[in-house]
Each structure stands twice: as structure tokens, then as C-alpha cells.
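Student: Chains as they are written, first to last, in this note's numbering: chain P, 1 to 128; chain B, 1001 to 1128.
Ideal Cβ placement from N, Cα and C applies to all residues, glycine included.
Given the structure is predicted, the values throughout are model-derived calculations rather than measurements.
Number of protein chains: 2
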Amino acid sequence: MKKPIPRISDTEWEVMRAVWSRHPATAGEIADRLAQADPSWHPKTARTLLGRLVEKGALAYDVDGRIFLYRPLVTEQECIASASDSFLDRVFGGALKPMLAHFVERESLSPEEVRELEQILARRKNRR
Amino acid sequence: MKKPIPRISDTEWEVMRAVWSRHPATAGEIADRLAQADPSWHPKTARTLLGRLVEKGALAYDVDGRIFLYRPLVTEQECIASASDSFLDRVFGGALKPMLAHFVERESLSPEEVRELEQILARRKNRR
DNA sequence: GTTCTTGGATTACGGCTGTAAGTGTGGGCT
DNA sequence: AGCCCACACTTACAGCCGTAATCCAAGAAC
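1. Taking C-beta to C-beta, are B:Ile1008 and B:Val1019 nearer than 8 Å?
2. Give the residues from the region 99–121 of chain P that approach chain B closer than 8 Å (Cβ to any Cβ), ordered along the chain.
3. Please list the partners that P:Ser84 has in chain B, where partner means a Cβ-to-Cβ separation under 9 Å.
4. From the DSSP output, read off the bridge partner residues of P:Val63.
5. Give a yes or no on whether 8 Å exceeds the smallest Cβ distance from P:Trp13 to chain B.
6. Determine the contact status of B:Phe1087 and P:Phe87, defining contact as a CB-CB distance below 8 Å.
7. Can a CB atom of chain P be found closer than 8 Å to the CB of B:Lys1125?
8. Am I right that B:Phe1068 and B:Ala1027 are in contact with their C-beta atoms under 8 Å? What's the rounded C-beta distance?
9. Measure the C-alpha to C-alpha separation of B:Arg1017 and B:Ala1081 and round it to an integer number of angstroms.
10. Here's the rule I'm using: 16 or more other beta-carbon atoms within 10 Å means buried, otherwise exposed. How should P:Ser110 be labelled?
11. For B:Ala1025, which of helix, strand or coil comes out of DSSP?
12. Please name the residue, chosen from B:Glu1055, B:Glu1014 and B:Pro1024, that lies closest to P:Gly94 on a Cα-to-Cα basis.
13. Cα separation between P:Lys3 and B:Pro1024?
14. When you compare the CB positions of B:Pro1006 and B:Ala1058, do they come within less than 8 Å of one another, or not?
15. Chain B partners of P:Leu96, CB-CB under 9 Å?
16. Mind checking which residues open and close the alpha helix (DSSP H) that includes P:Ser86?
17. In the DSSP assignment, find the alpha helix (DSSP H) that holds P:Ile5 and state where it starts and stops.
18. Please tell me whether B:Arg1017 has its Cβ less than 8 Å away from any Cβ of chain P.
19. Quick check: the Cα distance between B:Leu1096 and B:Asp1089, rounded to an integer number of angstroms?
20. Mapping DSSP to helix, strand and coil, what is B:Gly1051?
21. Tell me the rounded alpha-carbon separation between B:Ala1083 and P:Val91.
22. Taking a cut of 8 Å between CB atoms, which residues from the region 1052–1065 of chain B lie near chain P?
23. Can P:Leu50 and P:Tyr70 be called in contact, C-beta distance under 8 Å?
24. Measure from the alpha carbon of P:Thr75 to the alpha carbon of each residue in P:Ser21, P:Ser40 and P:Gln119, then state which is nearest.
25. Quick check on DSSP: helix, strand or coil for B:Met1042?
26. What is the C-beta distance between P:Val63 and B:Arg1124, in whole angstroms, given that I count them as a contact (C-beta under 8 Å)?
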């Protein structure tokens, strides 16, 4: 009985992150957060995307006077899981291990991160 | 001096995989491979996508008589790296470790796979 | 109260996607 | 020689995306 997670596009992800970071929030607040992270964000664009995300069922709003307060209908975890699945499928044909191997081989992991990952793996083994 | 990797859509990935798996190949062969993996593939659709991938610079063809032999212009590794970057950015805001942690936590890794990953990590440490 | 501002609603528009159908032509089969 | 078929080429079309501009109504400012 799992709810379907709507497909979130690239720029919509940015909007969602802005909402997840603190909510409920007005369109203006959200537009501000986005512009702060990247000044090229136009408020109109933000509003358009908020509308689309509501249509898609990713957000909802409560009306407070003439102001809309947006809140997420899906959690970041759910969206991450869903996007991860589709990425895994698309790029690695669903094979998890090759995917992880690919990322581990990238040169951008610091030695500490490697150690932390080893710990995560170790914990996972114990946890059954 | 890195060549730009074209953006490959979901279904285009399936086509690319079919080409990478054995090439050069005719449109007919590629359509067959796709249909074999998933019978809902229509040959016309495959041909359309081949054309689009050529436009995008992901494939090229050599003409042999009246038949086109398609071959990749980008390697699977390059495409994987490029798609991985964009996924990492979009979904995890570019943070590699949380991303790996997320996937390791998924329940779908078998114990052997966990061991293999540990080995990959270990090798990576030694390798400098 | 009249104008200015602010925020939501509607409209725009070109490019990308998924999914094919139509068209024309050169060979192969008869 | 004539017909059919396989291909490549062209066209189709709706839905999603990025990126806004325009329109309209209700409050804010004067």
C-alpha cells in the first residue's frame, strides 16, 4: 500500500528542498530561499513551479487569509528513494552493486569518508 | 578538454545499452534486441530514437550499401559518469557520502555483495 | 477613495520525450 | 517486368520542462 511518488524534475527538486528545509512557508519565503542559494532564480518561476508541484501532489497549501502556506505531501526520504530507484534502473539496469562500485571508485571520496563507509557496511552486517 | 556528454533520456538509455552491447549494428538488430528485452518495443519507436541519438551526438552511423550501421560516439562509462553527476547533484545536492550511505542502507544488498563492497573499499585505500 | 503593490491565476512558448504513423525508393521475389 | 517489403526520411502530437510575462483582485498607502 504505497502511495505513488510523483516524478520531480531537476528544478522542482530545488523547490522541494526549499520547502522541506522549513515549512509551512509562503511562496515569497520559498522564492527568497531559492534566490539566496542561486540569484538567478526568478520569483515568477518559483511560483510556477510551486503550482506544478501542487498539481502533481507533491505539495499542498493551506490558505491563511490571502496568503498560501505550502507544505510537502511527500517526504524527502520518499522522494530520494523513488529517484534513486529510477536512476538505478535507468543507468545501471537495476544492478545495485555495480552502481555502488562505480561511486566508490570515483576519486572524490576522502579517506575519512572511506572509513565511514566501512563502518556503515560493518554496522549493516551486524544488523542482520 | 572533455567532450560534452549529451543528455540521454530514460528510453534512450535502453537504446544506448542495446548499441553498446554489440556494435556496429543495424537499426533492425537494435530494434530486435530491444523487443527481446521488452516486447512492447515498437520498431518504429526504436528507429526514431536512433535518429535522435545521432542528432544528439551520442551515436553515429556508417552507410553500408543501403543499410546503416550504428556505433556509439560516447562510451558507457562516460555516460554513466555524466548521469551519475547529475543525479548526485539533483537528489543529494552533490554530497557523495550520504548518497552511498543511502544505498548501502537499502535492504536489497546481499551479504556477499556487502563483502565485495568492503573489498572494493579496502582496495581503494591501498591504491593510494 | 484612488492609486500602488503584492500575490495568486492564466497564458506563453520553444525544446525535449514517448510513441508512433505516413512516404518514397531501391532491391528481391515471382 | 511488376509488386511487395524493408529501410531511411519526414511528420505528428500530446505531455512535461524551464522560464517567465500578463492579468486581475484585494489590501496597503496616501
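Tutor: So, from the listed chains and residues:
1. As a position in the second sequence, residue 1008 of chain B is number 8, starting the count at 1. As a position in the second sequence, residue 1019 of chain B is number 19, starting the count at 1. No.
2. Met99, Leu100, Ala101, His102, Phe103, Val104, Glu105, Arg106, Ser108, Leu109, Pro111, Glu113, Val114, Glu116, Leu117, Glu118, Ile120 and Leu121
3. For the purposes of this step, residue 84 of chain P is taken as the residue at position 84 of the first sequence. Per Cβ cutoff of 9 Å: Phe1087, Val1091, Met1099, His1102, Phe1103 and Arg1106.
4. Numbered from its first residue, the first sequence carries residue 63 of chain P at position 63. Its beta-bridge partners are P:Phe68.
5. Locating residue 13 of chain P in the first sequence gives position 13, where the first residue counts as 1. Under the 8 Å criterion on CB atoms, P:Trp13 is classed as interfacial with respect to chain B.
6. Walking along the second sequence from the start, residue 1087 of chain B turns up at place 87. Walking along the first sequence from the start, residue 87 of chain P turns up at place 87. One thing to note: B:Phe1087 has its Cβ within 8 Å of the Cβ of P:Phe87.
7. As a working note, residue 1125 of chain B is residue 125 in the second sequence. For B:Lys1125, the answer is yes, since a Cβ of chain P falls inside 8 Å of its Cβ.
8. In the second sequence, residue 1068 of chain B corresponds to position 68, counting from 1. In the second sequence, residue 1027 of chain B corresponds to position 27, counting from 1. Going by Cβ atoms, the distance from B:Phe1068 to B:Ala1027 rounds to 6 Å, so yes, they are a contact pair.
9. Along the second sequence, read from residue 1 onward, the residue named residue 1017 of chain B stands at position 17. Along the second sequence, read from residue 1 onward, the residue named residue 1081 of chain B stands at position 81. C-alpha separation (whole angstroms): 15 Å.
10. What you label residue 110 of chain P is simply residue 110 of the first sequence in a count that begins at 1. Under this definition P:Ser110 is an exposed residue.
11. Position 25 of the second sequence, counted from the start, is the residue given in the question as residue 1025 of chain B. Of the three classes helix, strand and coil, the one that applies to B:Ala1025 here is strand, per DSSP.
12. By one-based count along the first sequence, residue 94 of chain P stands at place 94. Taking only the C-alpha atoms, the option nearest P:Gly94 is B:Glu1014.
13. Numbered from 1 along the first sequence, position 3 holds the residue referred to as residue 3 of chain P. Numbered from 1 along the second sequence, position 24 holds the residue referred to as residue 1024 of chain B. In this model, P:Lys3 and B:Pro1024 are separated by some 43 Å (Cα to Cα).
14. By 1-based counting over the second sequence, the position of residue 1006 of chain B is 6. By 1-based counting over the second sequence, the position of residue 1058 of chain B is 58. Yes.
15. Locating residue 96 of chain P in the first sequence gives position 96, where the first residue counts as 1. Chain B residues near P:Leu96: Phe1103, Arg1106, Ser1108, Leu1109 and Glu1113.
16. In the first sequence, counting from the first residue as 1, residue 86 of chain P sits at position 86. Looking at the DSSP string, the run of the alpha helix (DSSP H) that includes P:Ser86 is Glu76 to Phe92.
17. As a position in the first sequence, residue 5 of chain P is number 5, starting the count at 1. Run containing P:Ile5: none; DSSP gives neither H nor E here.
18. The residue labelled residue 1017 of chain B in the question sits at position 17 within the second sequence. With 8 Å as the cut-off, B:Arg1017 counts as an interface residue toward chain P.
19. Position 96 of the second sequence, counted from the start, is the residue given in the question as residue 1096 of chain B. Position 89 of the second sequence, counted from the start, is the residue given in the question as residue 1089 of chain B. Those two C-alpha atoms are separated by around 9 Å.
20. What you label residue 1051 of chain B is simply residue 51 of the second sequence in a count that begins at 1. In the displayed model, B:Gly1051 falls within a helix according to three-state DSSP.
21. The residue you call residue 1083 of chain B lines up with position 83 of the second sequence. The residue you call residue 91 of chain P lines up with position 91 of the first sequence. Their backbone Cα atoms lie some 7 Å apart in a straight line.
22. none
23. Indexing the first sequence from 1 puts residue 50 of chain P at position 50. Indexing the first sequence from 1 puts residue 70 of chain P at position 70. Result yes, Cβ atoms of P:Leu50 and P:Tyr70 sit closer than 8 Å.
24. Start at 1 with the first residue of the first sequence, and residue 75 of chain P comes out as number 75. Cα-wise, what sits closest to P:Thr75 is P:Ser21.
25. Locating residue 1042 of chain B in the second sequence gives position 42, where the first residue counts as 1. According to the sequence as given, residue 1042 of chain B is His; it is not Met. DSSP places B:His1042 in coil when its eight states are reduced to three.
26. Locating residue 63 of chain P in the first sequence gives position 63, counting from the first residue. Locating residue 1124 of chain B in the second sequence gives position 124, counting from the first residue. With a contact defined as Cβ atoms closer than 8 Å, P:Val63 and B:Arg1124 miss out at about 53 Å.
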